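The structure appears below as structure tokens.
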Amino acid sequence: MRRGRGEMPSFHNTNRDSDASFCSGRPSTSSIGTAGYGGRAAAASEPVNKQVAIRNINTYLSSHNFPFSLSLKPLPSTKDITATLRFVVSRIGFTVSKVEDDLPLLLKFLNCPLKLQKSVLRAAPPPHSFPALLAVIYWLVQIADYSDHLSSIDGTGLYTLLQMEAQLNFIKNETQDYFSRCATEAKQMIVDVDIEYRDLERMEKEATDTLKAAELKSRETMKQSEEEIQMCAYELFVLIDSVSKYKENMESKISEAKKDLIDIVKFISDAYKSTL
Numbered sequence: 001m002r003r004g005r006g007e008m009p010s011f012h013n014t015n016r017d018s019d020a021s022f023c024s025g026r027p028s029t030s031s032i033g034t035a036g037y038g039g040r041a042a043a044a045s046e047p048v049n050k051q052v053a054i055r056n057i058n059t060y061l062s063s064h065n066f067p068f069s070l071s072l073k074p075l076p077s078t079k080d081i082t083a084t085l086r087f088v089v090s091r092i093g094f095t096v097s098k099v100e101d102d103l104p105l106l107l108k109f110l111n112c113p114l115k116l117q118k119s120v121l122r123a124a125p126p127p128h129s130f131p132a133l134l135a136v137i138y139w140l141v142q143i144a145d146y147s148d149h150l151s152s153i154d155g156t157g158l159y160t161l162l163q164m165e166a167q168l169n170f171i172k173n174e175t176q177d178y179f180s181r182c183a184t185e186a187k188q189m190i191v192d193v194d195i196e197y198r199d200l201e202r203m204e205k206e207a208t209d210t211l212k213a214a215e216l217k218s219r220e221t222m223k224q225s226e227e228e229i230q231m232c233a234y235e236l237f238v239l240i241d242s243v244s245k246y247k248e249n250m251e252s253k254i255s256e257a258k259k260d261l262i263d264i265v266k267f268i269s270d271a272y273k274s275t276l
């Protein structure tokens, strides 16, 4: 049946691992093609890798009691290629009506990185076109083998995987929240240290101004009685000593705060790197 523009292809999804993929967040067979199999499948079209590809394909077919195998000499017939493609496609949960029309659409749906012309599927492919077809079959076999592996996971194993993934996600979220809190606290510590440093600068300025005023007053009152001079000198020394002690105390606090800040930033950096 001819399909109008925009009409869905006539293959049907009977994907066995779609529910597990949807629930667990694991890639389904429709999303793993470009992740790692595409490069190896494309390499199958190279002359040196044809034998490896055909051997892997036949091993998979034989493991499922497929009635025949493919060969490079002579090249397989159109009938054998079509039967092989129908079988492999069925192993990943799809059926196709007309292979030459539906397979290119299915490959696109599965994000296959390989291109295949319809003309290759309508008649026995010439020798120069067969490597491209071989690469596509090899790619589909890898997807089918992975789909079989997912299907072999029983309910208990799948439940365990889901539980582990949920726990990992929980730990990840908790870690991210902890890092966020640490970052907020670190920023607040920077603000607090900056405020204390500004207060210290202000007090140093006030102490300097007071000292200058005291020196001026001391010169002005030098002619006063010795008792008054001694009293002023004592007050001055007390003030200087108090400012000096306060400055030492504040410098000690600022030094400790900077050290704590550096330790926190280093801890956050190391912990973040460990999650990558």
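The sequence shown begins at 1 in our numbering and counts up one residue at a time.
No residue lacks a Cβ here, since even glycine has one placed at the ideal position from N, Cα and C.
Please read these numbers as outputs of a predicted model, since none were measured by experiment.
Measuring alpha carbon to alpha carbon, tell me which of the options ends up nearest residue i.
i, options, result
"L211", "L236, L134, I143, Y197", "L236"
"H64", "D148, D263, E174, F267", "D148"
"L239", "K50, D209, P76", "D209"
"T275", "T84, D263, I171", "I171"
"K50", "K266, K73, T184", "K73"
"A186", "F66, A83, S151, I262", "I262"
"V193", "Y234, R181, S255, A166", "S255"
"Y138", "K253, S152, L85, A213", "L85"
"K253", "D241, V265, E196", "E196"
"K217", "E226, R181, C232", "C232"
Am I right that residue i and residue j are in contact with their C-beta atoms under 8 Å? What's the rounded C-beta distance?
i, j, result
"K118", "D101", "7 Å"
"L103", "L121", "6 Å"
"Y246", "M189", "21 Å between Cβ atoms; not a contact."
"I92", "I143", "5 Å"
"L168", "A124", "The pair is not a contact, with the Cβ atoms about 51 Å apart (cut-off 8 Å)."
"S71", "I54", "7 Å"
Suppose the cutoff is 8 Å on Cβ atoms and the five residues either side in sequence are ignored; what does the same chain contact list for residue i look like?
i, result
"E251", "L200"
"L116", "L103, P104, L107, A132, L133, V136"
"S62", "S69"
"H182", "According to the sequence shown, residue 182 is Cys rather than His. Counting only Cβ-Cβ distances below 8 Å, and skipping sequence neighbours, we find I264, F267, I268."
"D260", "M189"
"E220", "none"
"G36", "Confidence at G36 is low in this model, with a pLDDT of 46, below 50, so its placement is unreliable and no value can be given for it."
Once the 5 residues before and after residue i are set aside, which same chain residues still bring their CB inside 6 Å of it?
i, result
"V243", "A207"
"K258", "none"
"T34", "Confidence in T34 is poor, its pLDDT being 40 and thus under 50, which makes the residue's placement too unreliable to answer from."
"A214", "L236"
Might you give, ordered along the chain, the residues of its own chain that have their beta carbon closer than 7 Å to the beta carbon of residue i, omitting 5 neighbours on each side?
i, result
"V141", "N56, I57, Y60, V88"
"S129", "V120"
"T175", "T275"
"F66", "F87"
"Y234", "none"
The ligand NAP and residue i: does any heavy atom of the ligand fall closer than 7 Å to the residue's C-beta?
i, result
"F66", "Within the structure as shown, the ligand NAP is missing, as the structure has no ligands at all."
Compare the C-beta of residue i with all C-beta atoms of chain C and state if any pair is closer than 8 Å.
i, result
"P126", "In the structure shown, chain C cannot be found, because there is only a single protein chain."
**Message:** Just to confirm the assignment: which complete beta strand (DSSP E) runs, minimum length 3, are found wholly within the region 216-271?
**Reply:** none
**Message:** Which runs of the beta strand (DSSP E) at least 3 residues long sit entirely within the region 146-200? Give them in chain order.
**Reply:** none
**Request:** Pick out the complete beta strand (DSSP E) segments inside the region 106-153, 3 residues or longer, and give them in chain order.
**Result:** none
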